[in-house]
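See structure below.
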Amino acid sequence: MSKGLPKRSEDYSLWYNELVKKADLAENSPVRGCMVIKPYGFSIWEKMQAEIDRMFKETGHTNAYFPLFIPKSYLSKEADHVEGFAKECAVVTHYRLKNDENGNGVVVDPEAKLEEELIVRPTSETVIWSTYKNWIQSYRDLPILVNQWANVVRWEMRTRLFLRTAEFLWQEGHTAHATKQEAIDESVQMMNVYAQFAEEFMALPVVKGVKSEAERFAGAIETYCIEALMQDGKALQAGTSHFLGQNFAKAFDVKFATKEGGLEYVWGTSWGVSTRLMGALIMAHSDDQGLVLPPKLAPIQVVIVPIYKGDDQLAQISEKVAEIQSKLRAKGISVKFDSRDTHKPGFKFAEWELKGVPVRLAIGPRDLENNTLEIARRDTGEKQSFDLSEDIALKVESLLEDIQKNIYQKAINFRESHTTEVNSYDEFKEVLEGKGGFVSAHWDGTAETEEKIKEENKATIRCIPLDQKQEEGACIYSGKPSKGRVLFAKAY
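Take 59 as the starting number for the sequence shown in this note's numbering and just add one per residue.
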């Protein structure tokens, strides 16, 4: 099998695009800016979704579903929110088509104009808070801890599969609370849930922090985030959690009767991760041979490839493989026996390597005689012979755990070697244009300085780390006093 992948070192962007297509993850659709997520890609997303959903439910959240369409007037109710999303909205103006009188197919029926235009949801705060007004009357109705799995549309002109598409899949949590502190605690908790998922399942180390005011979610008081570093030295926002204050409650007049008998506005949060996590998974770990999937998210954790001549040998191998599969599945390990007679073993090795399957087992007639097989691990390429008189399930289980840890450690090492403290603007620019990565630098806290640095370097403040040391210094750009370092990077 000829993979034909470009090398990351030669053209990282092309390598990424080709890998997404060749590994059967996704492809461009007939609708510009939208993608088709193929079965193998969707099976990875389903594993992500299952783990994240489990974590949500363990923290007391339940799922619901809200409309795809939002009345235009709803977006006008929260000023910062509408300003933040206005340029990305897809708008429905009519509800019917008709045959063109001149025989040119179908056209929009001018008689079917909507009284009020509908927005295809870019995010659901407005429609959900209008609903919460009906749900909340008293402190006894709080908190509301709801999540929605859905698709959203943000009209992007420059798109890239998984990373930035006009339509994408995500979850969006929307919670309502009786006190400010409860809502803040919820926002922080969900950022921590995202960080735990990224590190434990995606093997992706992240920095937890808050966004600068300029980078904050439209309509939020504070945006908490997790930021990850990709192999090309660019950052990727992997998840955000927003403390909304009472902004949306005031916009939609959502009040509750307090225990003391007063009437107060509800405090809110929203938080989300999307199929952008697929892009992060690919770019953080994969290599020039293809995907490298963490075992905890790999749809197929083990593939078994038979090496044989003729049906008799295949039958003998298949009998042995059935025993091995049974032992592995008893441990909860997902395993595939690739017994296709249309492809040679070399092709199969290359295909499963490209698709990132963590462990490959190969077994042939000589292995049957010796009661052995060959084990190959995807992350390092190491191969070894294994004696089947020993416990194969225990061996593979241990190997999968080691691969998960190794992939994570490799990503940690990369991030550490690509996080640089600088103390001058010249040094800042040199690092950005050189090795890239996170650049830790003093900032004076002003939007003006942040915008100037962005204009001149195409780098943004990715986050103000939660563990930021209160360290006096001078801003690298303005020379004005700074209270601590922030992380800059070029980003997706």
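We put the CB at the ideal spot given by N, CA and C, even for glycine.
| Where does Leu219 fall in DSSP's three states? | In the sequence shown, the residue the question calls residue 219 occupies position 161. Residue state for Leu219 is assigned as coil, using DSSP reduced to three classes.
| task | Answer with buried or exposed for Asp437, where buried requires no fewer than 16 other C-beta atoms within 10 angstroms of its C-beta. | result | Here the question's residue 437 lines up with position 379 in the sequence shown. Classification for Asp437: buried.
| query | So Ile375 is in the alpha helix (DSSP H); what residue range does that whole segment cover? | reply | The residue labelled residue 375 in the question sits at position 317 within the sequence shown. Element bounds for Ile375: Gly368 to Ala388.
| message | Which residue marks the beginning of the alpha helix (DSSP H) containing Glu68, and which one marks its end? | response | Translated into positions along the sequence shown, residue 68 becomes position 10. Annotation for Glu68: no alpha helix (DSSP H) segment contains it, and DSSP assigns it neither H nor E.
| query | In whole angstroms, what is the alpha-carbon distance linking Thr298 and Ile194? | reply | Walking along the sequence shown from the start, residue 298 turns up at place 240. Walking along the sequence shown from the start, residue 194 turns up at place 136. The alpha-carbon separation between Thr298 and Ile194 amounts to approximately 26 Å.
| Counted within 10 angstroms of its Cβ, other Cβ atoms place Ala547 as buried (16 or more) or exposed | On the sequence shown, position 489 is the one that residue 547 refers to. Counting of Cβ neighbours within 10 angstroms places Ala547 among the buried residues, the total reaching 16 or more.
| request: Please classify Thr316: is it buried, with 16 or more other beta-carbons within 10 angstroms of its beta-carbon, or exposed? | output: Your numbering for residue 316 matches position 258 in the sequence shown. Counting Cβ neighbours within 10 Å, Thr316 comes out exposed, since fewer than 16 surround it.
| query | Per DSSP, His235 forms a beta bridge with which residues? | reply | The count along the sequence shown starts at 1 and reaches residue 235 at position 177. His235 pairs with Trp325.
| Rounded to a whole number of angstroms, what is the C-alpha to C-alpha distance between Asn121 and Ile202? | The sequence position of residue 121 within the sequence shown is 63, counting from 1. The sequence position of residue 202 within the sequence shown is 144, counting from 1. One C-alpha to the other measures close to 11 Å.
| Of the listed residues Ser447, Ser475 and Ile242, nearest to Ser498 (C-alpha basis) | Sequence index remark: in the sequence shown, residue 498 carries index 440 (1-based). Here the closest residue by C-alpha is Ser475.
| Under a three-way DSSP split, which group does Pro523 fall into? | Here residue 523 corresponds to residue number 465 of the sequence shown, with the count starting at 1. Here DSSP, grouped into helix, strand and coil, assigns Pro523 to strand.
| message | Can you look up Ala307 in the DSSP assignment and give me helix, strand or coil? | response | Here the question's residue 307 lines up with position 249 in the sequence shown. DSSP places Ala307 in helix when its eight states are reduced to three.
| Could you give the distance in angstroms between the alpha-carbon of Met59 and the alpha-carbon of Leu126? | Locating residue 59 in the sequence shown gives position 1, counting from the first residue. Locating residue 126 in the sequence shown gives position 68, counting from the first residue. Its pLDDT being 47, under 50, Met59 is placed unreliably by the model, and the measurement read from it follows with that caveat. In this structure, the alpha-carbon of Met59 lies about 43 Å from that of Leu126.
| said: Tell me the residue span of the beta strand (DSSP E) that contains Glu280. | reply: For the purposes of this step, residue 280 is taken as residue 222 along the sequence shown, with counting starting at 1. Here the beta strand (DSSP E) through Glu280 covers Glu280 to Leu287.
| said: Once DSSP output is grouped into helix, strand and coil, what is the label at Leu77? | reply: Sequence index remark: in the sequence shown, residue 77 carries index 19 (1-based). Looking at Leu77 - three-state DSSP - the assignment turns out to be helix.
| request: Pick out whichever of Asn75, Trp207 and Val331 has its Cα sitting closest to the Cα of Asn252. | output: For the purposes of this step, residue 252 is taken as the residue at position 194 of the sequence shown. Looking at the sequence itself, residue 252 is Tyr, so the reference to Asn does not match. Answer by Cα proximity: Val331.
| Ile43 and Val454 look like a contact to me (Cβ under 8 Å); what is the Cβ gap, rounded to whole Å? | Residue 43 lies beyond the residue range present for the chain, which begins at 59 and ends at 550; the question has no answer from this structure.
| field | Exposure of Arg179, with buried meaning 16 or more beta-carbon neighbours within 10 Å | value | Reading the sequence shown from its first residue, position 121 is the one you call residue 179. Answer is buried; the Cβ neighbour count reaches 16.
| message | On the DSSP bridge list, what partners appear for Gly503? | response | As a working mapping, residue 503 is identified with position 445 in the sequence shown. Per DSSP, Gly503 has no beta-bridge partner at all.
| request: Can you say whether Met215 is buried or exposed, counting buried as having 16 or more other CB atoms within 10 angstroms of its CB? | output: Within the sequence shown, the letter at position 157 stands for residue 215. Within 10 angstroms of the beta-carbon of Met215 lie fewer than 16 other beta-carbons, which makes it exposed.
| From what residue to what residue does the beta strand (DSSP E) around Ser558 run? | Residue 558 cannot be examined here, being either before or after the span of the chain that is shown, 59 to 550.
| Own chain, CB closer than 8 Å to Glu508, minus 5 neighbours either side, in chain order | As a first step, residue 508 is located in the sequence shown; it is residue number 450 there, counting from the start. Within the same chain, Glu508 has close Cβ partners Ser270, Ala272, Trp501, Thr518 and Ile519.
| query | Which runs of the alpha helix (DSSP H) spanning at least 4 residues fall entirely within the segment 131 to 205, listed in chain order? | reply | The qualifying runs are 137 to 143 and 183 to 193.
| request: Using DSSP bridges, identify the partner residues of Leu294. | output: Here residue 294 refers to the residue found at position 236 of the sequence shown. Beta-bridge annotation (DSSP): Leu294 is paired with Ala286.
| said: For Glu225, list the residues DSSP reports as bridge partners. | reply: One-based indexing of the sequence shown puts residue 225 at position 167. DSSP lists Val211 as partners of Glu225.
| What does Val360 pair with, by DSSP beta-bridge criteria? | Numbered from 1 along the sequence shown, position 302 holds the residue referred to as residue 360. Val360 is bridged by DSSP to Val393 and Val417.
| field | Candidates Lys441, Gly277 and Leu227, of which the one nearest Ala309 by Cα | value | Here residue 309 corresponds to residue number 251 of the sequence shown, with the count starting at 1. With distances taken between CA atoms, Ala309 lies nearest to Gly277 out of Lys441, Gly277 and Leu227.
| request: Assuming Glu146 contacts Arg212 (C-beta within less than 8 Å), just tell me the rounded distance between them. | output: Against the sequence shown, residue 146 aligns to sequence position 88. Against the sequence shown, residue 212 aligns to sequence position 154. Here Glu146 really is in contact with Arg212; their C-beta atoms are around 4 Å apart, less than 8 Å.
| message | According to DSSP, is Leu63 part of a helix, a strand, or is it coil? | response | As a first step, residue 63 is located in the sequence shown; it is residue number 5 there, counting from the start. In the structure shown, the three-state DSSP call for Leu63 is coil.
| Since Leu349 contacts Gly414 with CB under 8 Å, what's their CB separation in whole angstroms? | Along the sequence shown, read from residue 1 onward, the residue named residue 349 stands at position 291. Along the sequence shown, read from residue 1 onward, the residue named residue 414 stands at position 356. Indeed they touch by this definition, with Cβ atoms about 3 Å apart.
| So, helix, strand or coil for Phe124, using DSSP? | Sequence index remark: in the sequence shown, residue 124 carries index 66 (1-based). In the structure shown, Phe124 falls within a coil segment according to DSSP collapsed to helix, strand and coil.
| request: Give the straight-line distance between the Cα atoms of Phe486 and Arg543, rounded to the nearest whole angstrom. | output: As a first step, residue 486 must be located in the sequence shown, where it is residue number 428. As a first step, residue 543 must be located in the sequence shown, where it is residue number 485. Their backbone Cα atoms lie some 13 Å apart in a straight line.
| query | Hey, Gln184 and Tyr132 are a contact pair by Cβ (cut 8 Å); roughly how many whole angstroms apart? | reply | Start at 1 with the first residue of the sequence shown, and residue 184 comes out as number 126. Start at 1 with the first residue of the sequence shown, and residue 132 comes out as number 74. Here residue 184 turns out to be Thr, not Gln, going by the sequence shown. Your pair Thr184 and Tyr132 checks out as a contact, with CB atoms roughly 4 Å apart and the cut at 8 Å.
| request: Keeping to the same chain, check which residues put their C-beta closer than 6 Å to that of Cys358; ignore five residues upstream and five downstream. | output: Your numbering for residue 358 matches position 300 in the sequence shown. This sequence places Ile at residue 358; Cys is not what is there. Excluding five sequence positions before and after Ile358, the CB atoms of its chain that fall closer than 6 Å to its own CB belong to Ser392, Lys394 and Val415, given in chain order.
| task | Excluding the 5 residues preceding and the 5 following Trp207 in the sequence, name in chain order all residues of the same chain whose CB lies nearer than 6 Å to its CB. | result | Against the sequence shown, residue 207 aligns to sequence position 149. Beyond the five residues adjoining it in sequence on each side, Trp207 comes within less than 6 Å, by CB distance, of Gln229 in the same chain, given in chain order.
| query | According to DSSP, is Ala342 helix, strand or coil? | reply | Numbered from 1 along the sequence shown, position 284 holds the residue referred to as residue 342. Reduced to three states, the DSSP call for Ala342 is helix.
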